[in-house]
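Please read the structure below before turning to the comments.
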Ligand code: ATP
């Protein structure tokens with residue numbers, strides 16, 4: 005049954021059936037990076053679209069943004085990430101492997117097994133630092149190597165080169181405009197657009213701004229498949245409230261999150277709310293709940309819900325000199341809103357969805373494995389097959405039905421590989437809720453066989469009725 009699923013089951017299914025591959029696999033891989041194959045990208049989009057529909061389109065208190073990944077480095081200075089976005093790093097003096105100090109037993113190296121090989125942890129900043137603009141980059145390299153004279157010879161105008169180098173040195177000393185970071189969270193792209201959105205739309209408080217997109221963290225030890233990656237996708241909301249309204253909004257978000265997790269097909273029994281104690285909370289947060297899930301490798305964080313006070317907007321106000329105050333329409337006193345942040349990780353949602361859907365049963369004494377995905381998340385909604393591949397009249401009719409359904413549902417697969425039994429098993433394995441088979445009777449009476457993934461029962465229906473049977 006699904007609770008016995010192992011991480012290996014999930015990884016092997018994902019690779020075999022084209023959900024998720026190791027990043028740069030052909031060159032030996034790059035730790036902490038993953039590529040989505042045809043079915044993986046469909047599943048991922050279905051999850052992200054469901055989130056967007058639930059939290060943005062279906063509500064009238066939410067607006068969306070899509071901010072740039074590269075941001076002015078002042079963003080990360082003001083937010084505290086430059087100084088404090090760190091994890092404790094230790095290195096084994098024997099095998100030189102590096103670990104997150106808070107995730108291992110420091111008495112014994114988990115890699116070589118030798119005891120007492122770790123020194124004091126040092127704080128490792130997880131942001132990927134990068135440079136914006138080619139000239140500054142070249143000059144930076146030159147400065148690092150101290151080859152100023154050599155480079156000057158390559159430029160006809162020595163004076164210009166020296167001037168550029170001096171300028172660049174100055175920038176370097178001051179942190180440099182060209183230094184940037186791959187964003188470690190999408191949230192700051194929301195905060196920095198708070199004023200823009202208010203000025204364009206003037207929404208009533210409470211209201212939220214939502215964003216989906218890539219985030220990057222130079223994790224010390226990426227692990228457990230996509231669970232801890234160095235490049236991943238977040239879906240975040242900053243929900244702006246009056247200070248005295250935060251508790252009510254926080255409680256409402258708990259309920260909304262729980263409803264969404266049910267839509268993902270996650271059983272309530274596997275979802276746990278952890279009230280994060282004072283000592284473990286980020287310094288700006290007055291309340292945080294980690295929604296944990298029973299993953300195949302154990303219970304761990306699926307998403308977070310935090311009350312971030314007015315920490316971020318106040319910091320932006322201080323650092324930028326621009327007012328982040330909201331002016332109520334009724335003319336009452338302006339204020340800097342407080343914020344509730346539900347922060348979802350797409351990769352962890354995918355792992356939770358796959359491990360919840362992974363099901364084994366027995367059909368006529370034969371063991372069967374299938375993905376019991378909610379139909380609205382299934383990468384393929386219906387597969388269409390001719391009973392026999394080598395009968396042109398069956399193939400032509402099957403193509404006709406396939407084209408018709410594809411126009412309506414999009415995610416329809418034409419499958420004529422192997423015999424019909426094998427096709428059903430293959431479609432079960434990727435979670436396709438229904439298979440439609442065209443046989444010789446179809447040619448005379450326009451009926452097809454429709455087979456359900458969950459019950460394996462087959463029914464004879466008119467082609468015109470297929471649409472009513474299928475998940476929308
Ligand atoms: P953790 O304690 O597991 O490192 P976190 O508390 O640092 O996570 P947040 O900063 O709250 O995570 O990020 C919000 C969400 O983003 C997490 O709940 C998770 O779903 C996702 N996330 C964070 N880091 C990663 C990662 N390295 N790989 C995949 N998803 C991640």
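Residue numbers (this note's numbering): 5 to 476. Glycine residues also receive a C-beta, built at the ideal position from the N, C-alpha and C atoms.
Under 8 Å between C-beta atoms of residue i and residue j
i, j, result
"residue 438", "residue 473", "yes"
"residue 189", "residue 238", "yes"
"residue 277", "residue 295", "yes"
"residue 307", "residue 348", "yes"
"residue 330", "residue 202", "yes"
"residue 320", "residue 196", "yes"
"residue 228", "residue 398", "no"
"residue 236", "residue 350", "yes"
"residue 454", "residue 463", "yes"
"residue 299", "residue 231", "yes"
"residue 69", "residue 215", "yes"
"residue 242", "residue 269", "no"
"residue 501", "residue 401", "Nothing in the structure corresponds to residue 501, since the chain is present only between 5 and 476."
"residue 345", "residue 247", "no"
"residue 67", "residue 205", "yes"
"residue 354", "residue 51", "yes"
Residue nearest to residue i in terms of C-alpha spacing, selected from the options
i, options, result
"residue 8", "329, 364, 345 and 304", "364"
"residue 381", "395, 372, 360 and 293", "360"
"residue 275", "206, 285, 262 and 130", "262"
"residue 377", "182, 266 and 250", "266"
"residue 218", "417, 132, 400 and 463", "132"
"residue 64", "208, 115, 39 and 113", "208"
"residue 288", "334, 357, 314 and 425", "314"
"residue 368", "425, 333 and 383", "425"
C-alpha gap between residue i and residue j, whole angstroms
i, j, result
"residue 452", "residue 430", "20 Å"
"residue 304", "residue 27", "24 Å"
"residue 54", "residue 123", "46 Å"
"residue 316", "residue 257", "20 Å"
"residue 291", "residue 264", "21 Å"
"residue 220", "residue 83", "16 Å"
"residue 414", "residue 385", "8 Å"
"residue 15", "residue 25", "9 Å"
"residue 327", "residue 194", "16 Å"
"residue 89", "residue 22", "35 Å"
"residue 43", "residue 19", "10 Å"
"residue 444", "residue 41", "35 Å"
"residue 322", "residue 192", "15 Å"
"residue 59", "residue 435", "25 Å"
"residue 86", "residue 126", "15 Å"
"residue 48", "residue 39", "12 Å"
"residue 45", "residue 251", "37 Å"
"residue 293", "residue 416", "39 Å"
"residue 440", "residue 405", "9 Å"
"residue 17", "residue 37", "18 Å"
"residue 210", "residue 117", "53 Å"
The beta strand (DSSP E) enclosing residue i, as first and last residue numbers
i, result
"residue 344", "342 to 349"
"residue 205", "Here residue 205 belongs to no beta strand (DSSP E); instead the alpha helix (DSSP H) covers 198 to 205."
"residue 183", "183 to 186"
"residue 193", "First-last for residue 193: 191 to 195, but that is the alpha helix (DSSP H), not the beta strand (DSSP E)."
"residue 413", "Premise fails: residue 413 lies in the alpha helix (DSSP H), 396 to 413, not in any beta strand (DSSP E)."
"residue 428", "Premise fails: residue 428 lies in the alpha helix (DSSP H), 424 to 433, not in any beta strand (DSSP E)."
"residue 103", "102 to 104"
"residue 465", "462 to 466"
"residue 82", "First-last for residue 82: 77 to 82, but that is the alpha helix (DSSP H), not the beta strand (DSSP E)."
N- and C-terminal bounds of the alpha helix (DSSP H) containing residue i
i, result
"residue 15", "11 to 20"
"residue 66", "Note, residue 66: premise wrong, no alpha helix (DSSP H); beta strand (DSSP E) at 66 to 68."
"residue 383", "It is not in any alpha helix (DSSP H) - residue 383 carries neither H nor E in the DSSP assignment."
"residue 51", "42 to 56"
Cβ-heavy atom distance, residue i to the ligand COA, below 7 Å
i, result
"residue 265", "In the structure shown, the ligand COA is absent; the only ligands present are the ligand ATP."
*Indicate whether the contact test is met: 3 or more Cβ pairs, each with one atom in the region 387 to 406 and one in the region 28 to 37, closer than 8 Å.*
By the Cβ test, the region 387 to 406 is not in contact with the region 28 to 37, since fewer than three Cβ pairs between them sit closer than 8 Å.
*Can we say the region 71 to 79 touches the region 98 to 106, given the rule of at least three CB pairs closer than 8 Å?*
no
_the region 61 to 73 / the region 86 to 100 touching (three or more Cβ pairs under 8 Å)_ = no
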